[in-house]
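**Q** 1 is the number of the first residue of the sequence shown in the numbering used here; add one for each residue after it.
Built from N, CA and C at the ideal position, the CB exists for glycine as well.
In this text the structure is predicted, and so the values were computed from the model without any measurement.
What follows is a structure written as structure tokens; I'll ask about it next.
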Amino acid sequence: MTKQFDETSFLSGGNAVFLAELYARYVEDPAAVDPSWLAFFQNLKDDGTAIARDFKGTDQAKRDLKVIGAIDPEAAAAAVAAAKKAGKDGKAAPAAPAAAPSQAEIRQAVIDSVRALMMIRVYRVRGHLEADLDPLGIAAREPHPELDYRSYGFTDADLDRPIFLDNVLGLETATLRQIVQIVRATYCGKIGVEFMHIQDPDQKAWLQKRIESVRNHTDFTPRGKKAILERLVEAEGFERFLQLKYTGTKRFGLEGGESVIPALEQILKRGGQLGIEEVVVGMAHRGRLNVLANFMKKPYQAIFSEFQGNPANPSDVQGSGDVKYHLGTSSDRDFDGNVVHLTLQANPSHLEVVDPVVIGRVRAKQQQKNDTERKKVLGLLLHGDAAFAGQGVVPETMLLSQLTGYCTGGTIHVIINNQIGFTTSPQYSRSGPYSSDIAKGVQAPILHVNADDPESVVHVARIATEFRQEFQTDVVIDMICYRRHGHNESDEPAFTQPLMYRKIASHPTTRAIYARQLVAEGTLTEDEANGLVTGFQELLEKDYEAAKAFKPNKADMLEGKWLGMVQQTDEEEYREDKTGVAVEVLKELGHKLAEIPEGFNVNRKILRQMQAKKEMMDTGAGIDWATAEALAFGTLLVEGHPVRLSGQDCGRGTFSQRHCRLTDQENESRFEPLNRLRPDQAHFEVIDSPLSEEAVLGFEYGFSLTEPNGLTLWEGQFGDFANGAQVIIDQFINSGESKWLRMSGLVMLLPHGYEGQGPEHSSARWERYLQLSAEDNWSVCNISTPGNYFHALRRQIHRNFRKPLIIMSPKSLLRHKLCVSKLDSMGAGTRFYRVLGETDNLVPDVKVRRVILCSGKVYYDLYEERAKRGINDVAIVRVEQLYPWPKDAIKKELARYPNADLLWVQEEPANMGPWTFVDRRIEYICEELEITAKRAAYCGRRAAASPATGLYKTHNAEQEWICDMALSGDVANLPQPFRRASKLSRLHA
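This is the structure:
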């Protein structure tokens, strides 16, 4: 027996009752068990400890079981049978002394039970490996030795011998043959389950009971079966109709995966019964039109109209629009009186990048509903198999699932597993057996299912919904299907997968397979089945004709929480939003921010900062960056606007400047001053995020899409860390309103500035944001005063529209003695200034010889050097907002200095920073003015591949050169970027 169990990695069974009892005795006294068990128990090692622990049972199912010293079940059964026989004869059975079982009989019974229980457990762990999951049957299912009863010491002669199970599988006793039949039906049928990797015993016990109690099968009523068939008819019929009417047009059809439609319906139906009120859906383009039509119930007329080239929105709505298989929508679905609101998030072709956006929206909706149990709003994500395995944003998003600041009570993931990624087969696109393997990292249960068995697909959808509502964790449905056409409908898949597509060509559709099944079992007649198809085609023909005159009557935007908002249509620069706050209120809140609760052991260094804040409030001067930010947050909070700040280490701040969450030095309890301003204030939330940029920024963008009345901010640890989230920036934040009519007021704080910290900690790469700037899509700022920063933040909420705000936030300026503001600059009647003119008393404007235009930190370098040299004929003008470009404000400042030459000064290399963005814009301003300067000359670092030098000495030399040339250098000798003299250019004709 020991030989048979040399490989013990699969023996840690939660149901190994008999082995557990023996092992418990062995632990107490090795001599108390038969010597034949000693080597076996010695080999169990860690697994034995788990068995002993599991013998006590879980919270859901406490065990009170015993084998040793208990009556032999076979002897007991014989006694019962004898009693029944005696009863039939009408005679009382004489009391016969029970024959004491021999040691050999006890040992054999224990061995049989342990072997059977270990086999059952292995089926729970490995059964999916022999499940019938591939509709095409291309991949051969290799027998797994651990699923062969012979591997456990059984022989064919043992098949009909009863084995004591003590209600495992719901049976007191069963023959080996029955056990094998049951576990194969449960774990090796059309459904394969992976759940034994889960460490939570209650979750594991729930799944085990839910699966085994019904043999992993639902007996649907005739009505339920017909409903499934109707959904398949709609899913298949819709795709066939589009293929017929718009042959060759890209639509990324669902053919081969139609079973996902009844599965989604089941999630809604069961979810509604369990308290779900809203579902936010995210998916890629494959099958999206089908989901829009048959799940979201977007009118067929509207979809046909878009195929005919008509816009999805009324002609008076601004925006670029997007292809039809990227669009989102919203609707209400009613199931048995439970109305569920659906939102399908629009997304780009970048697969999976929509995932964190959806989760962020779910979190915001839960907050709006005060859904603290997170059972009313569900995130539902549909994935492709290759993308789920290959895109890093998937595990990044799953990483958020159980974190306090980001959790949403679990997401249901549905993988539409086509067994191919464009032209790449699974063996070339992932290292594990399943595309879903990454989900084990968050201990999500995984339900694999054959898509050609729609009843099984609906069954697992029901289990997934129930599990999510019970445990508030992620769950994955891996629906294994195929893709009937190529990557798109004009593609030829046989170029790369000839065998697969030869098989697909002859393979019947899921609807046809299921219809035949229902006819064969008598649920409906063949005529009835064909009638469903015919009737649906007639409906589509009517809507097709109606689509020729279809016109959308309104855009799907600015409803619900967005009522009262408008699209910005006027010139942004002409708006002067009043963002000031009464000084009395600022002082009240400022003093509150500096208060420490009694008994709270604050760090001594923090205490000094708090005392400094009190002095700022008392004097009304010296307001630093962090204090101005806290006042902006605080004033919004007391006005009823929630504030959410998320990012790596943002509670303290990368540069130890913020400290909006304090930690007790004795017990590490936490305290947030911004949540103790007034009793009726809104909530402030600060979250130190995991080391993820793409998923966290996507989450916060999604949050901002749903919560227009709160300030949502994401802060990069350093500005260039946003590189890791570039897809979110390019595809959503920058262009989401133009493509999909979805506004966002998200703020991105990107620490930026050249202080000699090297290539990766200097530049936030703001040239990229400026290059993406058009159509007033966002604001890009490099602010130089705490007061202006205060107004920029408050402006986000006090406008009647929403735009993202990209801020190059400071590093060294956080503690710069000159980078301070007066409280009056934030008082009532004050506002944000896009341009800050010269502040010192210089020579008369007409005698100023040079005007320097700059932005951000370099202003203070120039200002201090000018003062040091006693220069009074060089004016410095700061451009605080680079986009939307404040043309008139700059023009007004330049007009003051008609005789001056003009420089643009920046710290960044010439091919980075704002230079290429501002160059022509400044030139156009100069053309409109009667001034000497006709364009600006460039003063800054030469073009470079790296953003900054890694040598501090070199950095200082470069910085000194920039200041010297800007203040005193001859413009004619300033090297201008992108000019290169060659020998060829010097040749004369």
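DSSP beta-bridge partners for H383?
**A** Walking along the sequence shown from the start, residue 383 turns up at place 383. Paired residues: I415.
**Q** DSSP on F335, reduced to helix/strand/coil?
**A** Start at 1 with the first residue of the sequence shown, and residue 335 comes out as number 335. Correct three-state label for F335: strand.
**Q** What's the C-alpha gap between Q472 and D371?
**A** Mapped onto the sequence shown, residue 472 falls at position 472. Mapped onto the sequence shown, residue 371 falls at position 371. So the two alpha carbons sit approximately 12 Å from each other.
**Q** DSSP state of H448, grouped into three classes?
**A** As a first step, residue 448 must be located in the sequence shown, where it is residue number 448. Reduced to three states, the DSSP call for H448 is strand.
**Q** What would DSSP say about C407, mapped onto helix, strand or coil?
**A** As a working note, residue 407 is residue 407 in the sequence shown. In the structure shown, C407 sits in coil (DSSP, three-state: anything other than H, G, I, E or B).
**Q** Could you tell me the alpha carbon to alpha carbon distance between G969 and R979, rounded to whole angstroms?
**A** On the sequence shown, residue 969 is found 969 positions in, with the first residue counted as 1. On the sequence shown, residue 979 is found 979 positions in, with the first residue counted as 1. Those two C-alpha atoms are separated by around 19 Å.
**Q** Can you name, in chain order, every residue of its own chain whose Cβ lies under 7 Å from the Cβ of I463, other than the five neighbours on each side?
**A** By 1-based counting over the sequence shown, the position of residue 463 is 463. Here the set comprises R210 and L447.
**Q** Can you tell me whether DSSP reads I783 as helix, strand or coil?
**A** The residue you call residue 783 lines up with position 783 of the sequence shown. In the structure shown, I783 sits in coil (DSSP, three-state: anything other than H, G, I, E or B).
**Q** Evaluate contact between the region 770 to 779 and the region 798 to 812, counting only Cβ atoms and requiring at least three cross-stretch pairs below 8 Å.
**A** Touching, yes.
**Q** Pull up the distance between the alpha-carbon of E958 and that of R866, whole angstroms please.
**A** The residue labelled residue 958 in the question sits at position 958 within the sequence shown. The residue labelled residue 866 in the question sits at position 866 within the sequence shown. The straight-line gap from Cα to Cα measures roughly 17 Å.
**Q** Any heavy atom of the ligand NAP closer than 7 Å to the Cβ of W740?
**A** You won't find the ligand NAP in this model; it holds no ligand whatsoever.
**Q** What residues match up with R670 in a beta bridge as DSSP calls it?
**A** In the sequence shown, counting from the first residue as 1, residue 670 sits at position 670. According to DSSP, R670 bridges with T663.
**Q** Let me check one thing: in DSSP terms, what residues is D478 bridge-paired to?
**A** Position 478 of the sequence shown, counted from the first residue, corresponds to residue 478. According to DSSP, D478 bridges with I415 and H448.
**Q** What are the boundary residues of the beta strand (DSSP E) that V643 is part of?
**A** As a working mapping, residue 643 is identified with position 643 in the sequence shown. From DSSP, the beta strand (DSSP E) with V643 extends over V643 to G647.
**Q** Considering Cα atoms alone, identify which of V747, W740, R831 and V585 is closest to L785.
**A** Translated into the one-based positions of the sequence shown, residue 785 becomes position 785. Note on residue identity: the sequence assigns Thr, not Leu, to residue 785. Of the listed residues, the one whose Cα sits closest to T785 is R831.
**Q** For R462, name the three-state secondary structure that DSSP assigns.
**A** In the sequence shown, the residue the question calls residue 462 occupies position 462. Reduced to three states, the DSSP call for R462 is helix.
**Q** Kindly identify the DSSP beta-bridge partner or partners of C854.
**A** As a first step, residue 854 is located in the sequence shown; it is residue number 854 there, counting from the start. C854 pairs with R878.
**Q** Would you call the region 183 to 203 and the region 112 to 130 in contact, with 3 or more CB pairs under 8 Å?
**A** With the cut-off at 8 Å, the region 183 to 203 and the region 112 to 130 touch.
**Q** Kindly give me the distance between the Cβ atoms of E755 and K811, rounded to whole angstroms, as I take these residues to be in contact under 8 Å.
**A** Residue 755 sits at position 755 when you count from the first residue of the sequence shown. Residue 811 sits at position 811 when you count from the first residue of the sequence shown. So it is a contact: roughly 6 Å between Cβ atoms.
**Q** What separation, rounded to the nearest whole angstrom, lies between the Cα atoms of E908 and W766?
**A** The residue you call residue 908 lines up with position 908 of the sequence shown. The residue you call residue 766 lines up with position 766 of the sequence shown. If you take the alpha carbons of E908 and W766, they lie about 10 Å apart.
**Q** Which first and last residues belong to the beta strand (DSSP E) in which D992 is found?
**A** Because residue 992 is not part of the residues shown, which for the chain are 1 to 989, the question remains open.
**Q** In the structure shown, what three-state DSSP assignment does S330 receive?
**A** Locating residue 330 in the sequence shown gives position 330, counting from the first residue. It is a strand residue.
**Q** How big is the Cα-Cα spacing for A256 and T175?
**A** In the sequence shown, counting from the first residue as 1, residue 256 sits at position 256. In the sequence shown, counting from the first residue as 1, residue 175 sits at position 175. Note on residue identity: the sequence assigns Gly, not Ala, to residue 256. Computed Cα separation, rounded: 40 Å.
**Q** How many whole angstroms separate the CB atoms of V835 and P914, which I take to be in contact at a CB cut-off of 8 Å?
**A** Stepping through the sequence shown from its first residue, residue 835 is reached at position 835. Stepping through the sequence shown from its first residue, residue 914 is reached at position 914. Not a contact, Cβ separation roughly 14 Å.
**Q** Take every Cβ of the region 384 to 397, pair it with every Cβ of the region 409 to 429, and state whether three or more of those distances are shorter than 8 Å.
**A** Yes, since at least three Cβ pairs between the region 384 to 397 and the region 409 to 429 fall closer than 8 Å, the two stretches touch.
**Q** Is F388 helix, strand or coil by DSSP?
**A** In the sequence shown, the residue the question calls residue 388 occupies position 388. F388: helix per DSSP, three-state reduction.
**Q** Would a C-beta distance cut-off of 8 Å place A875 and L929 closer than the cut-off?
**A** Taking the first residue of the sequence shown as 1, we reach residue 875 at position 875. Taking the first residue of the sequence shown as 1, we reach residue 929 at position 929. No, they are not a contact pair.
**Q** So, for F220: in the same chain, excluding its five sequence neighbours on each side, which residues have a beta-carbon less than 8 Å away from its beta-carbon?
**A** Position 220 of the sequence shown, counting from 1, holds the residue named residue 220. I228, E455 and V458, listed in sequence order.
**Q** In angstroms, rounded to a whole number, what distance separates the CA positions of T424 and P493?
**A** Taking the sequence shown and counting its residues from 1, the one referred to as residue 424 is at position 424. Taking the sequence shown and counting its residues from 1, the one referred to as residue 493 is at position 493. So the alpha carbons of these two residues sit roughly 10 Å apart.
**Q** Looking at the strands, I want to know which residues DSSP matches up with R941.
**A** Within the sequence shown, residue 941 is the residue found at index 941, counting from 1. Its beta-bridge partners are P909.
**Q** Please state the DSSP three-state secondary structure of I623.
**A** What you label residue 623 is simply residue 623 of the sequence shown in a count that begins at 1. Three-state DSSP puts I623 in a strand.
**Q** Between C963 and L813, which are expected to be in contact by the criterion C-beta below 8 Å, what is the C-beta distance as a whole number of angstroms?
**A** Start at 1 with the first residue of the sequence shown, and residue 963 comes out as number 963. Start at 1 with the first residue of the sequence shown, and residue 813 comes out as number 813. With 8 Å as the limit, C963 and L813 do not qualify as a contact, their Cβ atoms being about 16 Å apart.
**Q** Excluding the five sequence neighbours on either side, which residues of its own chain have a C-beta within less than 6 Å of the C-beta of P673, listed in chain order?
**A** Along the sequence shown, read from residue 1 onward, the residue named residue 673 stands at position 673. Counting only Cβ-Cβ distances below 6 Å, and skipping sequence neighbours, we find L593.
**Q** Between L853 and I922, is the Cβ-Cβ spacing less than 8 Å?
**A** Within the sequence shown, residue 853 is the residue found at index 853, counting from 1. Within the sequence shown, residue 922 is the residue found at index 922, counting from 1. In contact: L853 and I922 (Cβ atoms closer than 8 Å).
**Q** DSSP puts E526 in a beta bridge; with which residues?
**A** As a first step, residue 526 must be located in the sequence shown, where it is residue number 526. In the DSSP output, where bridge partners are listed per residue, E526 has none listed.
**Q** Check the DSSP bridge columns for P751 and list the partner residues they point to.
**A** Position 751 of the sequence shown, counted from the start, is the residue given in the question as residue 751. Bridge partners of P751: S809.
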